[in-house]
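Everything on this sheet refers to the single structure shown next.
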Amino acid sequence: MSEQETRYERRTFLNKLLGGALTVSVMGVIGAVMAYLFPPERRVFNPARRRMRVARIDEIPIGKGKQVLFSGEPVWVLHLRGGWIALSAICTHQGCLVNWDEKRLTFACPCHAGLFDANGNVLAGPPRRPLKRLRASVIGDEVYIGEGEG
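Residues 976 to 1125 in our numbering are what the sequence shown lists, from first letter to last.
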């Protein structure tokens, strides 16, 4: 094998190797961008769990909230002037946990500055969908959350 053929083979090999590495890198970037623009739908609760007691009605004053786990998923339960509401604590943008701001009566996502009102509707930021809602009900003097929309 001549020196020129060896150079050609090395050059061809290195070009193909570089091209493959570049292709893999570009595909990784495209995948990350697609995941950012079109986040996967997340389940808020396990349908096997029908209902869960959260608190007595006097344990959560009006304007306050309590975060609980419902079938392994974080959920905010709020006591508002109009009644009780239960919302997923998972931001619909990228899945970060939202925080309840009692003073502003809003949920804020610390990851990308998403902002939701007390009913889970999007106020600002990149989220396009509202927070998932669960059923909140009062039975006697106790607050329950359960499957289905509230």
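C-beta atoms are modelled at their ideal positions from N, C-alpha and C, and glycine is treated no differently.
Would you list the residues sitting across from residue i in a DSSP beta bridge?
i, result
"K1041", "V1052"
"N1074", "A1083"
"L989", "None; L989 has no bridge partner."
Rounded to whole angstroms, what's the CA-CA distance from residue i to residue j? Just pull it up for me.
i, j, result
"K1039", "G1003", "43 Å"
"I1060", "R1079", "16 Å"
"E984", "S1000", "24 Å"
"C1071", "T987", "46 Å"
"A1111", "R1056", "14 Å"
"G994", "P1105", "42 Å"
"G1006", "G1058", "42 Å"
"E1077", "N1094", "13 Å"
"A1010", "K1107", "20 Å"
"A1143", "G1100", "Absent from the structure is residue 1143, since the part of the chain shown begins at 976 and ends at 1125."
"N990", "P1102", "42 Å"
"S1046", "I1037", "25 Å"
Between residue i and the rest of its own chain, which residues show a CB-CB distance below 7 Å, the 5 nearest in sequence each way excluded?
i, result
"K1041", "V1029, A1030, I1035, V1052"
"P1022", "With a pLDDT of only 48 at P1022, under 50, the local geometry of the prediction cannot be trusted, and the value read off the model is given with reservation. Counting only Cβ-Cβ distances below 7 Å, and skipping sequence neighbours, we find E1122."
Grab the span of the beta strand (DSSP E) containing residue i for me, first residue to last.
i, result
"L1106", "Element bounds for L1106: n/a, residue is neither H nor E."
"L1090", "1090–1092"
"Y1121", "Note on residue identity: the sequence assigns Gly, not Tyr, to residue 1121. Segment 1117–1121, the beta strand (DSSP E) holding G1121."
"N1096", "Looking at the DSSP string, N1096 is not in any beta strand (DSSP E), and its letter there is neither H nor E."
Can you list, in chain order, the residues of its chain with a C-beta nearer than 8 Å to that of residue i? Leave out the 5 residues immediately preceding and following it.
i, result
"L1098", "T1081, L1090, F1091, D1092"
"V944", "Residue 944 is absent from the model: the chain starts at 976 and stops at 1125."
"L1116", "The sequence as given places Asp at residue 1116; Leu does not occur at that position. The residues are R1031, I1032, D1033."
"R1025", "G1121, E1122"
"L992", "none"
Tell me which residues share the same chain as residue i and place their Cβ nearer than 6 Å to its Cβ, disregarding the 5 neighbours each side in the sequence.
i, result
"N1074", "A1083"
In terms of alpha-carbon separation, which member of the options lies closest to residue i?
i, options, result
"N1096", "Y1011, T1067, V1008, S1046", "T1067"
"L1012", "N990, H1087, R1025", "H1087"
"V1008", "V1113, E1122, Q1069", "Q1069"
"H1054", "P1101, G1006, V1113", "V1113"
"V1118", "P1102, T998, M1027", "M1027"
Confirm the yes/no value for this check: CB of residue i, any heavy atom of the ligand FMN, distance under 6 Å.
i, result
"V1113", "The ligand FMN is absent from the structure shown, which contains no ligand whatsoever."
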